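Asker: So our numbering is basically just the index in the sequence shown, starting at one, shifted up by 147.
From the three backbone atoms N, C-alpha and C, an ideal C-beta is built for every residue, glycine too.
Note that the structure is a prediction, hence the values are computed from the model and not measured.
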Amino acid sequence: MNLSLDTILTNARELVSRLRRDDATADTAVSQAQFVQERILSMKQYGDDLAELNDISAHRPKTAILYNIQKENRLIRQLQKENEELKQLVTEHRSVLEKIMYKYRQDVQRLILMDKEETKAVNLFNASLAQDIQDKSSKIHEMATVMRRAIDIDDTNSASQEERINALLLENRGLKEILAVHENIHRTKQISEPITENDFGSALFWTRNLVYLALGTVVFTAIVTFLAVIYWRTKQQKFAKTKSHSSELPSFSTNSINVKTPRPKEIKLFPIVPKLVQPSSPTFILPSIENNKIIKDIYTTDAYSTADSSSSSAAAKKFRKKNLLER
148 MNLSLDTILT
158 NARELVSRLR
168 RDDATADTAV
178 SQAQFVQERI
188 LSMKQYGDDL
198 AELNDISAHR
208 PKTAILYNIQ
218 KENRLIRQLQ
228 KENEELKQLV
238 TEHRSVLEKI
248 MYKYRQDVQR
258 LILMDKEETK
268 AVNLFNASLA
278 QDIQDKSSKI
288 HEMATVMRRA
298 IDIDDTNSAS
308 QEERINALLL
318 ENRGLKEILA
328 VHENIHRTKQ
338 ISEPITENDF
348 GSALFWTRNL
358 VYLALGTVVF
368 TAIVTFLAVI
378 YWRTKQQKFA
388 KTKSHSSELP
398 SFSTNSINVK
408 TPRPKEIKLF
418 PIVPKLVQPS
428 SPTFILPSIE
438 NNKIIKDIYT
448 TDAYSTADSS
458 SSSAAAKKFR
468 KKNLLER
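#1: Under the rule that 16 or more other beta-carbon atoms within 10 Å means buried, what is residue 357, buried or exposed?
#2: For the stretch 301-373, list the beta strand (DSSP E) runs that are entirely contained and at least 3 residues long, ordered along the chain.
#3: Under the three-state reduction of DSSP, which class applies to residue 151: helix, strand or coil?
#4: Rank 211, 270, 283 and 169 by C-alpha distance to the C-alpha of residue 239 and give the top, closest one.
#5: When the Cα of residue 223 is compared with those of 184, 284 and 290, which residue comes out closest?
#6: Are the beta-carbon atoms of residue 113 and residue 236 separated by less than 8 Å?
#7: Considering Cα atoms alone, identify which of 232, 273 and 285 is closest to residue 180.
#8: So, residue 254 versus residue 155, is the Cβ gap smaller than 8 Å?
#9: For residue 247 and residue 197, which I take to be in contact (beta-carbon distance under 8 Å), what is that distance rounded to the nearest angstrom?
#10: Work out the CA separation of residue 161 and residue 174 for me, nearest whole Å.
#11: Quick one: measure Cβ to Cβ for residue 509 and residue 159, integer angstroms, because I've assumed they're closer than 8 Å.
#12: Less than 8 Å between the beta carbons of residue 220 and residue 212, yes or no?
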C-alpha cells in the first residue's frame, strides 16, 4: 500500500520485459529438447540398425564394433548431460515465472484495490460536492427572494426615505449654521477679553489726541464761517448802497447777460469723536495722525475756495440781485 502508481507501473514493465526474455529462453530450451529427443530417437534407430547390421554382418571383427559402440555411448552420455542441464534450466525458468507471476498478481491486486479506493473517494467527493452545490443553490434562492423582498420594500419606502433624508439635510444645515454662529460669537468673546493696561493707556492717549484735533477743527470751522458771514454782510451793505445808484441806470434784461454765479461750497462737519471700537472688530481701530492732517487740509481748502468764490462773484452779484428784485 505504500507503493505509488509510478513504481508499480515501472515494476510491471520490468516484469513484462523479463517474462518476454524468459519466454524466449524457454522457447530455445524447448527447441533444444526437441532436437535432443530427435537425436535420441535417431540414436535408438541407429542402435537398432547396428543390431541388424551385426546380425547381418557377423563375420566382422569385434574390435571395430566395440569402438563404434564406445563412440555411441560417449555421444549418448553427452546428450544425457545436455538433457539434464536443459531440464534444470526449464525448472529454473518455471520457478522464476511462478515468482514473477506471483508478484504480478500481487501488484495487480494492489492496483485493483487502489482503483476501488479511488473510485470510493471520488464518489464521496462528488457526493459532498453535490450536497454543497445544493446547499449553495438553496442559499442563493433564499438570498434572491430576500433581495426581491428588500427591493420591493425599498421601492415602496423610497419616497418616504427621500423626504426624511431631505428633512435631515435641512436640519443638518441649520445646525451647522447655528454652530458656525456660536463659534464666531465664542471667538469674538475670546478675542474681546479684557485688554491689558498698556493697550488701554495707548487707547486713551489716542482718544485724547483725537478729541483735541476735533475741537481744533470745530473752532477753526467756526472762525472761518464767522469771517465768511462778516464778509457777506459787508457785501450786502455795499449792494444796498449801490442799489440807490442803480435806479438811475437803465435796466438790463436778464437774457442779454448770462453770468454763471458760483455757489458757495457746503461746509461738511465731521463728528468730533470717531468710533474707536466697532462691535464686530475684536481690536481697537485708532485713526492715525495723517488722517487728521488730511481733514485739516480739507477744511482749509474749503475756506479758501469760499473766499475766492465770494471775491470773484462780487461783480456778478449786482446783476443777480436786480434779477431777483424784478422776479
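Answerer: Reading from the atomic positions:
#1: In the sequence shown, counting from the first residue as 1, residue 357 sits at position 210. Of the other Cβ atoms in all chains shown, 16 or more fall within 10 Å of the Cβ of residue 357; this residue is therefore buried.
#2: For the stretch 301-373, there is no continuous beta strand (DSSP E) assignment of 3+ residues that stays within its boundaries.
#3: For the purposes of this step, residue 151 is identified with residue 4 of the sequence shown, where counting begins at 1. For residue 151, the secondary structure class from DSSP, reduced to helix, strand or coil, is coil.
#4: The residue you call residue 239 lines up with position 92 of the sequence shown. Checked all of 211, 270, 283 and 169; the closest Cα to residue 239 is 169.
#5: The residue labelled residue 223 in the question sits at position 76 within the sequence shown. Nearest to residue 223 by alpha-carbon distance, out of 184, 284 and 290, is 184.
#6: This structure cannot settle anything about residue 113, because the visible part of the chain is limited to 148 through 474.
#7: For this step, residue 180 is matched to residue 33 along the sequence shown. If we check each option's Cα against that of residue 180, 232 comes out closest.
#8: As a first step, residue 254 must be located in the sequence shown, where it is residue number 107. As a first step, residue 155 must be located in the sequence shown, where it is residue number 8. Less than 8 Å separates the beta-carbon of residue 254 from that of residue 155.
#9: Locating residue 247 in the sequence shown gives position 100, where the first residue counts as 1. Locating residue 197 in the sequence shown gives position 50, where the first residue counts as 1. Actually they do not touch by this definition, with Cβ atoms about 47 Å apart.
#10: One-based indexing of the sequence shown puts residue 174 at position 27. One-based indexing of the sequence shown puts residue 161 at position 14. Residue 174 and residue 161: Cα-Cα distance of roughly 20 Å.
#11: The structure shown does not extend to residue 509, since the chain is modelled only from 148 to 474, so the question has no answer here.
#12: As a working mapping, residue 220 is identified with position 73 in the sequence shown. As a working mapping, residue 212 is identified with position 65 in the sequence shown. For the 8 Å CB-CB criterion, residue 220 and residue 212 do not form a contact.
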